[in-house]
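Numbering (numbering that gives the first Met the number 0), first residue to last: 0 to 74. Cβ atoms here follow ideal geometry from the backbone N, Cα and C, with glycine treated the same way. Because the structure is a prediction, the values reported are computed rather than measured. Step one of this worksheet: look at the structure below.
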Amino acid sequence: MVGVSPKIAPSMLSSDFANLEAEAKRMIDLGANWLHMDIMHAVGIIMCYSGKHFVPNLTIGAPVIESLRNCLCVN
């Protein structure tokens, strides 16, 4: 399609959470257009051969996103 360009948006869920600011800056420095922030709610369910299995939530919530915005000077 004309005028469409790909965007790179690495998931921050695979980051080192102890160094999230540095990880975010590294992704931007390496050319990321956006940072993908995984936001989940309720209880995660994984379907497998033996049935449903409930797993704990893995999430990046609003306070973390706000902190990253402040660190990265993003409006």
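Residues that Ser10 bridges to, as DSSP identifies them
One-based indexing of the sequence shown puts residue 10 at position 11. Note: Ser10 sits in a beta bridge opposite His35.
Cβ separation of His35 and Ala8, assumed to be a contact under 8 angstroms, to the nearest whole Å: If you number the sequence shown from 1, residue 35 lands on position 36. If you number the sequence shown from 1, residue 8 lands on position 9. About 4 angstroms separates the two Cβ atoms, so the contact holds.
- Task: Check each candidate in Asn69, Met11 and Val63 and name the one with the smallest Cα separation from Asn32.
- Result: In the sequence shown, the residue the question calls residue 32 occupies position 33. Minimum Cα distance to Asn32 is reached at Met11.
*Considering Ala61, what are the terminal residues of the alpha helix (DSSP H) in which it resides?*
Along the sequence shown, read from residue 1 onward, the residue named residue 61 stands at position 62. Element bounds for Ala61: Ala61 to Leu71.
What number of angstroms, rounded off, separates the C-alpha of Leu19 from the C-alpha of Cys72? Stepping through the sequence shown from its first residue, residue 19 is reached at position 20. Stepping through the sequence shown from its first residue, residue 72 is reached at position 73. Cα to Cα, Leu19 sits roughly 15 angstroms from Cys72.
Check: Just checking my contact of Asp37 with Ile59 at CB under 8 angstroms: how many whole Å lie between their CB atoms?
Finding: For the purposes of this step, residue 37 is taken as the residue at position 38 of the sequence shown. For the purposes of this step, residue 59 is taken as the residue at position 60 of the sequence shown. Contact flag correct, Cβ pair sits at about 6 angstroms.
With a CB to CB cut of under 7 angstroms and the five nearest residues on each side skipped, what residues in its chain are close to Met26? For this step, residue 26 is matched to residue 27 along the sequence shown. So the list reads Pro9 and Leu34, once near-sequence residues are dropped.
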